[in-house]
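There are 2 protein chains.
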Amino acid sequence: MSPTVFIVSDGTGITAETFAHSILSQFDQKFRLVRVPFIDSTDKAYSTAEKINEAAVHEGRRPIVFTTLVDSNSNEILKRSNALVLDMFQTFVEPLEQELELKSSHAMGRGHQNADTDEYKNRIEAINFSLAHDDGQSDRNLNDADVILVGVSRSGKTPTSLYLAMQYGVKAANYPLIPDDFERGKLPNSLLPYRGKIFGLSIDPQRLTEIRNERRPGSKYAALENCRYEVNEAEAMMRRENIKWLSSTHKSIEEIATTILQEIRLDKPVY
Amino acid sequence: MSPTVFIVSDGTGITAETFAHSILSQFDQKFRLVRVPFIDSTDKAYSTAEKINEAAVHEGRRPIVFTTLVDSNSNEILKRSNALVLDMFQTFVEPLEQELELKSSHAMGRGHQNADTDEYKNRIEAINFSLAHDDGQSDRNLNDADVILVGVSRSGKTPTSLYLAMQYGVKAANYPLIPDDFERGKLPNSLLPYRGKIFGLSIDPQRLTEIRNERRPGSKYAALENCRYEVNEAEAMMRRENIKWLSSTHKSIEEIATTILQEIRLDKPVY
Chain R
1 MSPTVFIVSD
11 GTGITAETFA
21 HSILSQFDQK
31 FRLVRVPFID
41 STDKAYSTAE
51 KINEAAVHEG
61 RRPIVFTTLV
71 DSNSNEILKR
81 SNALVLDMFQ
91 TFVEPLEQEL
101 ELKSSHAMGR
111 GHQNADTDEY
121 KNRIEAINFS
131 LAHDDGQSDR
141 NLNDADVILV
151 GVSRSGKTPT
161 SLYLAMQYGV
171 KAANYPLIPD
181 DFERGKLPNS
191 LLPYRGKIFG
201 LSIDPQRLTE
211 IRNERRPGSK
221 YAALENCRYE
231 VNEAEAMMRR
241 ENIKWLSSTH
251 KSIEEIATTI
261 LQEIRLDKPV
271 Y
Chain U
1 MSPTVFIVSD
11 GTGITAETFA
21 HSILSQFDQK
31 FRLVRVPFID
41 STDKAYSTAE
51 KINEAAVHEG
61 RRPIVFTTLV
71 DSNSNEILKR
81 SNALVLDMFQ
91 TFVEPLEQEL
101 ELKSSHAMGR
111 GHQNADTDEY
121 KNRIEAINFS
131 LAHDDGQSDR
141 NLNDADVILV
151 GVSRSGKTPT
161 SLYLAMQYGV
171 KAANYPLIPD
181 DFERGKLPNS
191 LLPYRGKIFG
201 LSIDPQRLTE
211 IRNERRPGSK
221 YAALENCRYE
231 VNEAEAMMRR
241 ENIKWLSSTH
251 KSIEEIATTI
261 LQEIRLDKPV
271 Y
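Protein chains in written order, with our numbering: chain R, 1 to 271; chain U, 1 to 271.
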């Protein structure tokens with residue numbers, strides 16, 4: 001039976017779960033992850049500890065618990081349960097307190113996931129912007145875009161734009177490069193004023209034909225020959241126009257987004 | 001001057017940055033965050049250590065470094081730099097190795113952000129599904145939806161659907177409740193077969209009028225009286241139809257998504 005892993009948080013526990021997942025993936029072992037969010041009172045901490053103890057009895061081994069509770073009382077309650085408790089919060093807060101010669105506030109809900117902050121409002125605004133400027137739908141307010149992604153249809157522009165908006169509040173428009181553009185041998189006119197913030201995505205033609213065939217099986221659009229043509233033309237255009245680009249073939253949206261943020265220097269610079 | 005915080009990862013460092021952010025937000029102190037992604041060789045580790053040492057000299061205090069490097073050699077290089085190095089990885093891997101009586105693999109790129117996994121492909125597929133089923137755009141394949149969000153226009157359905165798809169591979173359709181539905185006193189017909197997977201979002205009318213006024217200032221659509229009417233009718237309908245719902249007014253998309261996952265039990269159950 002897979003060991004049970006509880007992720008206990010006073011917020012959503014999403015970050016802690018993702019982090020726990022990446023640590024656990026280092027073991028050749030399956031785990032059963034149970035996220036326990038919104039534990040924002042000692043009462044809830046007690047009932048979580050009970051759940052953990054029950055799991056220990058039921059499974060005949062003590063569970064693993066990742067906690068990010070900031071309230072020390074609740075955290076202590078958890079630590080008395082029959083489990084390996086890994087405290088992702090206090091473990092790092094203590095050395096930081098010493099280093100900074102400051103006490104931490106132990107206040108809940110201070111992360112970027114708080115809905116009542118300007119940062120959060122920017123993220124929602126950016127999502128709306130990116131949706132309105134998906135797939136070249138609108139040329140309006142392109143001036144406000146932080147980045148404009150270009151590339152052939154199905155090269156990964158849409159998920160990347162939405163991810164940039166959702167996670168970073170980056171207003172990411174995206175614009176397809178289509179055969180018309182290749183025949184004219186020029187970027188779409190509406191993009192010309194914004195050359196400086198264009199970033200390209202390309203993709204291996206073999207992978208592209210697979211993706212397009214899922215959507216429109218047997219079409220000319222999806223044919224390998226056509227995919228080769230479009231990708232060649234798009235890459236030639238990006239080179240000619242001095243547009244930075246990357247291949248999305250084996251990259252996740254997180255990896256693509258991270259590279260783009262570095263390239264367009266929206267990330268905080270080192271100096 | 002704000003202390004500099006480096007986040008060093010062999011992957012994107014996104015999870016580590018989010019996590020570091022939530023820890024640092026516990027201090028009444030501003031920080032300058034520098035994410036250093038893709039450190040997947042000892043050469044890159046050396047040049048990162050140099051950068052850290054330069055920052056120490058330049059700023060007259062040693063920086064704070066969060067590392068999630070899985071390669072022990074690279075990690076050792078970083079730890080010899082002039083910084084408070086907080087090892088988010090090894091700190092938890094070691095007690096886990098003891099508990100599980102297993103060695104960890106120290107393999108890079110094992111997280112959910114790897115583009116060549118089925119989990120990743122599901123996420124992309126879910127994003128496409130959620131986009132195609134945004135705002136009631138399509139009734140096709142609603143059968144495939146994991147959840148269908150309903151609510152008045154601008155109650156938060158779209159960002160929540162996209163978030164569920166992007167982070168969890170949940171196929172989330174969304175459908176607006178509009179005055180026509182209220183006059184008929186019934187859910188839209190196309191939703192009737194899927195009652196079991198409908199989840200509602202509501203919102204405070206005062207907040208709704210603010211949001212709508214940003215989009216269409218001075219319109220009837222945005223007027224407080226109309227917002228009150230729509231919200232009342234929508235809540236009455238959801239009660240009548242036995243649809244679970246929550247108010248999105250002070251909730252982030254992460255919080256809304258977490259609640260929905262719990263309610264529709266897509267999250268892994270405790271037993």
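The beta carbon of each residue, even a glycine, is placed where N, CA and C say it ideally should be.
Because the structure is a prediction, the values reported are computed rather than measured.
Which residues in the same chain have their Cβ closer than 6 Å to the Cβ of S81(U), if we skip the five residues on either side of it in sequence? A49, I52 and N53
With respect to the alpha helix (DSSP H) encompassing N174(U), which residues constitute its N-terminal and C-terminal limits? Looking at the DSSP string, N174(U) is not in any alpha helix (DSSP H); the run it does join, the beta strand (DSSP E), is A172 to P176.
Would you report the Cα separation of N220(U) and N143(R), rounded to the nearest angstrom? Inspection of the sequence shows that residue 220(U) is occupied by Lys rather than by Asn. If I take the Cα positions, the gap works out to 30 Å.
Sort F31(R), S155(R), L246(R) and A126(R) by Cα distance to G169(R) and report the nearest one. A126(R)
Can you find a C-beta in chain U that's less than 8 Å from the C-beta of T18(R)? yes
DSSP beta-bridge partners of F6(R): V34(R) and V65(R)
Cβ pair Q90(R), N75(R) closer than 8 Å: yes
Any C-beta of chain R under 8 Å from that of D267(U): For D267(U), the pLDDT reaches just 47, beneath the cut-off of 50, and the residue's location in the model is therefore unreliable, leaving the point undetermined.
What is the rounded straight-line gap between the Cα of M108(U) and the Cα of S41(U)? 11 Å
Between M1(U) and chain R, is there a C-beta pair that is closer than 8 Å? no
Check the C-beta distance from R212(R) over to A222(R) and give it rounded, since I have them as a contact under 8 Å. 4 Å
Which of the three DSSP states, helix, strand or coil, is assigned to G200(R)? strand
Check whether the Cβ of Y175(R) lies closer than 8 Å to any Cβ atom in chain U. no
Whole-angstrom C-beta distance between S161(U) and L201(U), which should lie under 8 Å: The Cβ separation is near 10 Å, so there is no contact.
For V231(U), which three-state DSSP category applies? helix
Mind checking which residues open and close the beta strand (DSSP E) that includes V150(U)? V147 to G151
Residues in its own chain within less than 7 Å of E225(U) by CB, not counting five upstream and five downstream? none
In three-state DSSP terms, what is S247(R)? strand
Report back the beta-carbon spacing between K251(R) and E263(R) to the nearest angstrom; my notes put them in contact at under 8 Å. Their Cβ separation, rounded to whole angstroms, is 13 Å, which puts K251(R) and E263(R) out of contact at 8 Å.
Mind pulling the chain R residues with CB within less than 7 Å of P95(U)? L84 and L86
With 9 Å as the C-beta to C-beta threshold (strictly closer), list the residues of the stretch 240-251 of chain U near chain R in chain order. S248, T249, H250 and K251
Chain-ordered chain U contacts of T258(R) [CB-CB under 9 Å]: G11, T12, G13, I14, R35, P37 and F38
Mind listing the chain U neighbours of I64(R)? Cutoff is C-beta to C-beta under 8 Å, in chain order. L96 and E99
Which bits of chain R does F199(U) rub up against, with CB to CB less than 9 Å? Going along chain R, no residue has its Cβ under 9 Å from F199(U), so there is no contact; the nearest lies around 16 Å.
Flag this pair as yes or no: are the beta carbons of F66(R) and L86(R) separated by less than 8 Å? yes
From this set, I77(R), A83(R) and L33(R), which residue's C-alpha is nearest P63(R)'s C-alpha? A83(R)
Leaving out five residues on either side along the sequence, give the residues of the same chain with a beta carbon under 8 Å from the beta carbon of N114(R). Y120
Throw me the rounded Cβ distance for the F31(R) and S9(R) pair, which I believe falls under 8 Å. That pair is no contact at about 17 Å.
If you drop the 5 nearest sequence neighbours on each side, which residues of the same chain put their C-beta closer than 6 Å to that of Y163(R)? I253 and A257
Please determine, among S248(U), Q167(U) and A172(U), the residue with the shortest C-alpha to C-alpha distance to Q137(U). A172(U)
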